[in-house]
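Asker: The numbering of the sequence shown is our numbering, which starts it at 7 and goes up by one.
C-beta: ideal position from N, C-alpha, C; glycine also.
My questions will all concern the structure given below.
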Amino acid sequence: MIVVKSSRGGTLKVEGFRVRVVERISLPSVWARLKAIKGAGWNTFLLRSDDVFLDMLTDSGVNAMTDRQLASMITAQDAYAGGRSYYELVEAVRDVFGMDYVLPVHQGRAAEHLLAKVLIKPGMAVITNYHFTTSKAHVELAGGEMIEIPVPEALNTISDYPFKGNIDVGKLEELLSKMKGRVAYVRVEAVANLLGGQPVSMKNIRLVKELCDKYAVPLVLDASMVDWNAYFIKEREPGYASKSLAEIVREMAGYADILYMSARKAPAVRGGLIATNNREFYEKLVVLLPVYEGFPSYGGMSVKELAAMAIGLREMVDESLVGSELELIRYVVEELDRNKIPVVKPPGGLGVHLDALRFLEHLPRSSYPAASLAGALYLVSGVRAMERGTMSMDRAKDGREVYADLELIRIAFPRRTYTKSHAEYLVDRILWLYENRDVIKGLKWVYEPPVLRFFLGRLEDVDRWGDELAQIHVKQLGEY
Ligand SMILES: Cc1ncc(COP(=O)(O)O)c(C=O)c1O
Numbered sequence: 007m008i009v010v011k012s013s014r015g016g017t018l019k020v021e022g023f024r025v026r027v028v029e030r031i032s033l034p035s036v037w038a039r040l041k042a043i044k045g046a047g048w049n050t051f052l053l054r055s056d057d058v059f060l061d062m063l064t065d066s067g068v069n070a071m072t073d074r075q076l077a078s079m080i081t082a083q084d085a086y087a088g089g090r091s092y093y094e095l096v097e098a099v100r101d102v103f104g105m106d107y108v109l110p111v112h113q114g115r116a117a118e119h120l121l122a123k124v125l126i127k128p129g130m131a132v133i134t135n136y137h138f139t140t141s142k143a144h145v146e147l148a149g150g151e152m153i154e155i156p157v158p159e160a161l162n163t164i165s166d167y168p169f170k171g172n173i174d175v176g177k178l179e180e181l182l183s184k185m186k187g188r189v190a191y192v193r194v195e196a197v198a199n200l201l202g203g204q205p206v207s208m209k210n211i212r213l214v215k216e217l218c219d220k221y222a223v224p225l226v227l228d229a230s231m232v233d234w235n236a237y238f239i240k241e242r243e244p245g246y247a248s249k250s251l252a253e254i255v256r257e258m259a260g261y262a263d264i265l266y267m268s269a270r271k272a273p274a275v276r277g278g279l280i281a282t283n284n285r286e287f288y289e290k291l292v293v294l295l296p297v298y299e300g301f302p303s304y305g306g307m308s309v310k311e312l313a314a315m316a317i318g319l320r321e322m323v324d325e326s327l328v329g330s331e332l333e334l335i336r337y338v339v340e341e342l343d344r345n346k347i348p349v350v351k352p353p354g355g356l357g358v359h360l361d362a363l364r365f366l367e368h369l370p371r372s373s374y375p376a377a378s379l380a381g382a383l384y385l386v387s388g389v390r391a392m393e394r395g396t397m398s399m400d401r402a403k404d405g406r407e408v409y410a411d412l413e414l415i416r417i418a419f420p421r422r423t424y425t426k427s428h429a430e431y432l433v434d435r436i437l438w439l440y441e442n443r444d445v446i447k448g449l450k451w452v453y454e455p456p457v458l459r460f461f462l463g464r465l466e467d468v469d470r471w472g473d474e475l476a477q478i479h480v481k482q483l484g485e486y
């Protein structure tokens, strides 16, 4: 964003870009939405995009690319081995992160898979600020355990603590000293996805790195959303207001022994990477690339995406291009909070997160309040959000339900994609849904997959509350 002084006091933040390509979207009627959500088993992942008005499921792979990125896809060099686009990527990683060894992979979870294979032995643990679904799955598939130690404020959705993504350093020291030889690595997720998109402070990363060095444990940085984390450090952390995003990202990366990312996020392409300055880690990882991903100069990615990733990495620290979606998120969170809607505060990255436990206080956790809320929001607005609660957890080995710490729905704002009027529409429909929340009676399973069940699972609405909500919508708001 370009920040200027307003003539009426305060500051104005203005997008440092304009939109030159648009995609037409349409708003289906509430009856069409009811049919679609039933057909999708009340799982927003299973909706067809053409049935969705505002697709706010995720920022992954759906960010608006820049003209320079699109142009680079045409000039990308098609080569199985040693292509020019790969070397452009290596240079970008060196400039942006200060790391010499680069491994492209097809997406973030591929990086997690390879790291788990190389660093985790059965019985070992990974300590993290908070898990992400795929990162946890790969640690567990490798026979390890993920231990989460966020600061206590992280699980309090009404706390305004500015860095809820921080690791509890006291607990980290305790664990590292108790578990000598059993910690594979410490993982810091920059903008903790499942905590409501909350950032980590530079001070916290620095302290974590000091402890990692003391106990000789590598620090792995999940940098998928490092652009947003840097924006918040600049805005909220003393001493960083005058630093550039590039300087902040470089400093963050400087504390990591290994950095990985889903390039579907900050660099706005479809791919991923691992980077390090440690030759030993690199050599262990690179031999796995041809087995699982592809030759090391493309790593399972299309070379077109590889070329665009090199540009996207540089652009994710360009002040003019970063942050417009964060300002929309801030607007929606403040509007909802002013209207007493239970929303995660402070405004974070990634999206607006509604607290389903407080939104649907009448529902027991066994009826999946977050999944119910995501389904209901789609029904009343055509907005596709994502459940980030108990449905996103898998059952324990003995079949017991594992309740998530937080029951959230995430309404993602992909980078540079939606406008202020979209945000206003979203607020309007959430306010209406809150007034009619008593109609929602929860969901029950029809088909429950054993792993990462939230992706493909199907459910149905208890007592067909969806039909009732659609009827009230038509009566009060019409068919749209
Ligand atoms: C923080 C974080 N890490 C890893 C991943 C996995 O990346 P991918 O979806 O590219 O496999 C994601 C995906 O959303 C993520 O948010």
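Along the alpha helix (DSSP H) that carries Thr140, what are the first and last residues, could you check?
Answerer: Segment Thr139 to Leu147, the alpha helix (DSSP H) holding Thr140.
Asker: What's the gap between the Cα of Phe287 and the Cα of Ile164?
Answerer: Going by the C-alpha atoms only, they are around 41 Å apart.
Asker: Are there three or more Cβ pairs, one per stretch, closer than 8 Å when the segment 276 to 283 is compared with the segment 235 to 246?
Answerer: No, they do not touch.
Asker: Give the DSSP-derived three-state secondary structure of Tyr221 in the structure shown.
Answerer: Note: Tyr221 maps to coil in three-state DSSP.
Asker: Reducing DSSP to helix, strand and coil, say where Pro110 ends up.
Answerer: In the structure shown, Pro110 sits in a strand (DSSP, three-state: E or B).
Asker: Please list, in chain order, all residues of the same chain as Arg443 whose beta carbon is under 7 Å from its beta carbon, the five residues on each side excluded.
Answerer: Taken in chain order, the residues that qualify are Phe365 and Leu366.
Asker: Quick one: grab the DSSP three-state call for Trp451.
Answerer: Reduced to three states, the DSSP call for Trp451 is strand.
Asker: Taking only the alpha-carbon atoms, compute the straight-line gap between Leu60 and Phe51 and give it to the nearest angstrom.
Answerer: For Leu60 and Phe51, the distance between alpha carbons rounds to 14 Å.
Asker: Compare the Cα-Cα distances from Tyr93 to each of Phe419, Gly150 and Leu312 and report the closest residue.
Answerer: Checked all of Phe419, Gly150 and Leu312; the closest Cα to Tyr93 is Leu312.
Asker: Return the chain-ordered list of same chain residues with a C-beta closer than 8 Å to the C-beta of Pro156, the five sequence neighbours on each side being excluded.
Answerer: So the list reads Asn135, Tyr136, Lys170, Gly171, Asn172, Ile173, Asp174, Ala198 and Leu201, once near-sequence residues are dropped.
Asker: For His359, which residues from the same chain have a beta carbon less than 6 Å from its beta carbon, with the 5 sequence-adjacent residues on both sides left out?
Answerer: For His359, where only same-chain residues beyond five positions count, the Cβ hits under 6 Å are Gly202, Val350, Leu414 and Arg416.
Asker: Would you say the beta carbon of Ser141 comes nearer than 7 Å to a heavy atom of ligand 1?
Answerer: Yes - ligand 1 has a heavy atom lying nearer than 7 Å to the Cβ of Ser141.
Asker: Considering only the alpha carbon of each residue, which of Val25, Arg30 and Glu333 lies closest to Lys19?
Answerer: Lys19 has its Cα closest to that of Glu333, out of Val25, Arg30 and Glu333.
Asker: Specify, as a first and last residue, the run of the alpha helix (DSSP H) that Asp233 falls within.
Answerer: Residues Val232 to Arg242.
Asker: Return yes when the Cβ of Met71 is within less than 8 Å of the Cβ of Glu325, no when it is not.
Answerer: Cβ distance not < 8 Å, so Glu325 and Met71 don't count as in contact.
Asker: Here's the rule I'm using: 16 or more other beta-carbon atoms within 10 Å means buried, otherwise exposed. How should His368 be labelled?
Answerer: Exposed, by the Cβ-count rule.
Asker: Going by other Cβ atoms of all chains shown within 10 Å of its Cβ, with 16 needed for buried, is Phe461 buried or exposed?
Answerer: Flag for Phe461 reads exposed.
Asker: Heavy atom of ligand 1 less than 7 Å from the Cβ of Asn199, yes or no?
Answerer: Yes, the Cβ of Asn199 comes within 7 Å of a heavy atom of ligand 1.
Asker: Using beta-carbon positions only, say whether Ala476 and Val10 come within less than 8 Å of one another.
Answerer: Not a contact, by the Cβ cut-off of 8 Å.
Asker: When you compare only the Cα positions, how much space is there between Arg74 and Glu257?
Answerer: Arg74 and Glu257: Cα-Cα distance of roughly 26 Å.
Asker: Which residue's Cα is closest to the Cα of Lys426: Val323, Val445 and Glu341?
Answerer: Answer by Cα proximity: Glu341.
Asker: Exposed or buried, what is Ile335 when buried is set at 16 or more other beta-carbons lying within 10 Å of its beta-carbon?
Answerer: Buried, since its Cβ has 16 or more Cβ neighbours within 10 Å.
Asker: So the candidates are Leu251, Met152 and Trp234; which of them puts its Cα closest to the Cα of Lys271?
Answerer: That would be Trp234, whose Cα lies nearest to the Cα of Lys271.
Asker: For a test of the three-state rule: what should DSSP assign to Pro168, helix, strand or coil?
Answerer: Looking at Pro168 - three-state DSSP - the assignment turns out to be coil, as it is neither helix nor strand.
Asker: Does DSSP classify Leu33 as helix, strand or coil?
Answerer: Coil, per DSSP.
Asker: Under DSSP, the alpha helix (DSSP H) around Leu181 begins and ends at which residues?
Answerer: Start and end: Val175 to Lys184.
Asker: Mind checking whether the beta-carbon of Glu299 lies closer than 7 Å to any heavy atom of ligand 1?
Answerer: No.
Asker: Run through DSSP, which three-state label would Asp3 get?
Answerer: There is no way to answer for residue 3, as the model of the chain reaches only from 7 to 486.
Asker: Out of curiosity, what's the CA-to-CA distance linking Ala46 and Leu40?
Answerer: For Ala46 and Leu40, the distance between alpha carbons rounds to 10 Å.
Asker: Does the beta-carbon distance from Arg371 to Tyr409 come in below 8 Å?
Answerer: For Arg371 and Tyr409, yes; Cβs fall inside 8 Å.
Asker: Can you tell me whether Gly16 is buried or exposed? The criterion is at least 16 other CB atoms within 10 Å of its CB, across all chains shown.
Answerer: Counting Cβ neighbours within 10 Å, Gly16 comes out exposed, since fewer than 16 surround it.
Asker: Using only CA atoms, which one of Ala376, Ala274 and Lys481 lies nearest to Arg422?
Answerer: If we check each option's Cα against that of Arg422, Ala274 comes out closest.
Asker: Roughly how far, in whole angstroms, is the beta-carbon of Gly149 from the beta-carbon of Ile133, given that I think they are within contact range, below 8 Å?
Answerer: With a Cβ gap of about 16 Å, Gly149 and Ile133 do not count as contacting.
Asker: Near Ala87, what residues of its chain come up, given a Cβ to Cβ distance below 6 Å and the 5 sequence neighbours on each side ignored?
Answerer: Cβ neighbours of Ala87 beyond the five flanking positions: Phe301 and Ser303.
Asker: Give the range of the alpha helix (DSSP H) segment to which Met79 is assigned.
Answerer: That run of the alpha helix (DSSP H) goes Asp73 to Thr81.
Asker: In terms of alpha-carbon separation, which member of Gly463, Phe138 and Arg24 lies closest to Glu154?
Answerer: Minimum Cα distance to Glu154 is reached at Phe138.
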